[in-house]
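All remarks here apply to the structure that follows.
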Amino acid sequence: MSVINTNIQAIAAARNLNASQEMLGRSLSRLSSGSKIVNPSDDAAGLAVSEKLDAQGRRVKAAITNVQNAVSYVQTADGFMSGMTKILSRMSELAILAKDVTKNSTDIDLYSQEFTALQDQLRATIGGSSADIGGTADISAPLGAFNGISLFGSTTGGGLTVTIGQAVGQEMTIGASDLRTGDMLAIIDQDGTGAYSLGLSDTNAIEAITDAIQHVATERASLGASQSRLELAATTLQVEFENLSSAISRIRDVDVAEESTQFAKYNILVQSGTAMLSQANQTPRSVLQLLQQG
Numbered sequence: 001m002s003v004i005n006t007n008i009q010a011i012a013a014a015r016n017l018n019a020s021q022e023m024l025g026r027s028l029s030r031l032s033s034g035s036k037i038v039n040p041s042d043d044a045a046g047l048a049v050s051e052k053l054d055a056q057g058r059r060v061k062a063a064i065t066n067v068q069n070a071v072s073y074v075q076t077a078d079g080f081m082s083g084m085t086k087i088l089s090r091m092s093e094l095a096i097l098a099k100d101v102t103k104n105s106t107d108i109d110l111y112s113q114e115f116t117a118l119q120d121q122l123r124a125t126i127g128g129s130s131a132d133i134g135g136t137a138d139i140s141a142p143l144g145a146f147n148g149i150s151l152f153g154s155t156t157g158g159g160l161t162v163t164i165g166q167a168v169g170q171e172m173t174i175g176a177s178d179l180r181t182g183d184m185l186a187i188i189d190q191d192g193t194g195a196y197s198l199g200l201s202d203t204n205a206i207e208a209i210t211d212a213i214q215h216v217a218t219e220r221a222s223l224g225a226s227q228s229r230l231e232l233a234a235t236t237l238q239v240e241f242e243n244l245s246s247a248i249s250r251i252r253d254v255d256v257a258e259e260s261t262q263f264a265k266y267n268i269l270v271q272s273g274t275a276m277l278s279q280a281n282q283t284p285r286s287v288l289q290l291l292q293q294g
C-alpha cells in the first residue's frame with residue numbers, strides 16, 4: 001500500500017537504528033569505564049552479589065592488617081625478651097666471677113654495681129606497680145610496650161584476642177607473657193626501701209638467674225607458637241582475598257576483547273541503519289511520481 005502520512009518502513013528503520021545506537025552507547029560506556037556493570041539494570045543480580053563479595057573482601061583485608069599488627073606485637077615482645085636473656089646471662093656470669101677468691105672487695109663492688117644496673121634495666125623493661133614488683137614507686141610506662149600496651153604484665157582474659165578472619169568468632173588469643181611473677185620476679189623484686197631482694201653475693205643468685213632464664217625461654221616459645229599461627233592465618237587470608245577479588249572481577253570487569261567485537265558490530269549496525277533510514281525516507285517519493293503521472 002502506497003501512503004504519504006505514515007511511512008512504516010522509516011518508522012521500523014528508526015526503531016532499529018535507535019536500538020543499535022543504545023547498544024553502541026552501552027558498549028562504549030563499558031569500554032571507557034572498564035566495568036561490565038555501568039548501570040544496575042545491566043546486571044542487577046550480579047551487582048548485588050558483587051557488592052556482598054566486595055564487603056567480604058574489605059573485611060578480609062582488615063583482618064590481614066590485624067594479623068600483621070599482631071605479628072609485629074609478638075616480634076617486639078620477643079625482641080625485648082631476647083635482650084633479657086642476654087642480660088640474665090651476663091648476670092649469671094657476674095655471679096660466678098664474684099666467687100673468684102682472688103678478687104678483692106673493690107672488685108666485687110664493681111661486679112655488684114653492674115649486677116644492680118642490669119636489674120634496673122630488667123625492671124624498667126618489665127615495669128609494673130609497686131604492689132606487683134615491690135619498690136617505692138610504680139613503673140607505669142615500661143620500656144617493654146607496643147603502642148601503649150604493656151608487653152610483660154598480666155592481662156584480662158590471659159592474653160590479647162586477635163581477629164584472624166572476616167567472620168564473627170574467627171579469633172585467636174596471644175597468651176600473656178607475665179614476667180612480673182614467678183622466677184623473673186625474684187630478679188627484679190625490691191623491698192620497701194628500694195633495695196633488690198636478690199644480690200650478687202647471695203648463695204641462691206645463680207639458681208635464681210638460671211630459673212629466670214628458663215622462665216623467659218618458656219615465654220618466648222609460647223610467643224613463637226603464636227607467631228607461627230598468625231603467619232599461617234595471614235597467608236590464608238591473602239589467598240582468600242585473592243580469590244574474592246577474582247570472583248568480583250568476573251562479575252564486574254568487562255572483557256575488552258569480547259566487548260570490542262560487540263562495539264564494532266553495533267558501530268556497523270548504526271551506520272547501516274542510518275543509511276537504510278535515509279532510504280526509507282525516500283519511499284513516499286514513489287507516491288509523488290504516481291501523482292505526477294496522473
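The sequence shown stops at residue 294 when you use the UniProt record's numbering, and every number in between is there. Cβ coordinates follow ideal geometry from the N, Cα and C atoms, glycine included. A quick note: this is a predicted structure, and the numbers were derived from the prediction, not measured.
- Under the DSSP assignment, Val-239 falls in the alpha helix (DSSP H) whose first and last residues are 205-252.
- Contact check between the region 59-74 and the region 179-199: fewer than three CB pairs, one atom from each, fall below 8 Å, which does not count as touching.
- The beta carbon of Ser-130 sits closer than 7 Å to those of Thr-136, Ala-137, Asp-138, all from its chain and outside the five residues before and after it, given in chain order.
- Secondary structure of Phe-146 (DSSP, three-state): strand.
- In this structure, Ser-92 places its C-beta atom within 7 Å of the C-beta atom of Ile-209.
- Taken atom to atom, the span from the alpha-carbon of Pro-40 to that of Asn-281 is near 37 Å.
- For Ile-139, no beta strand (DSSP E) run applies, since DSSP gives it neither H nor E.
- At least 7 Å separates the beta-carbon of Leu-17 from that of Leu-244.
- Residues Leu-88, Asp-183, Met-184, Ile-187 of the same chain have their beta carbon placed closer than 6 Å to that of Ala-212, with the five preceding and five following residues left out of the count.
- With respect to the C-alpha of Thr-155, the residue from Gly-148, Asp-54, Gly-175 having the closest C-alpha is Gly-175.
- Bounds of the alpha helix (DSSP H) holding Leu-17 are 8-33.
- Under a 10 Å Cβ-count criterion, Arg-123 is classified as buried, with 16 or more other Cβ atoms of the shown protein chains found around its own Cβ.
- The Cβ atoms of Ser-50 and Ile-251 lie closer than 7 Å to each other.
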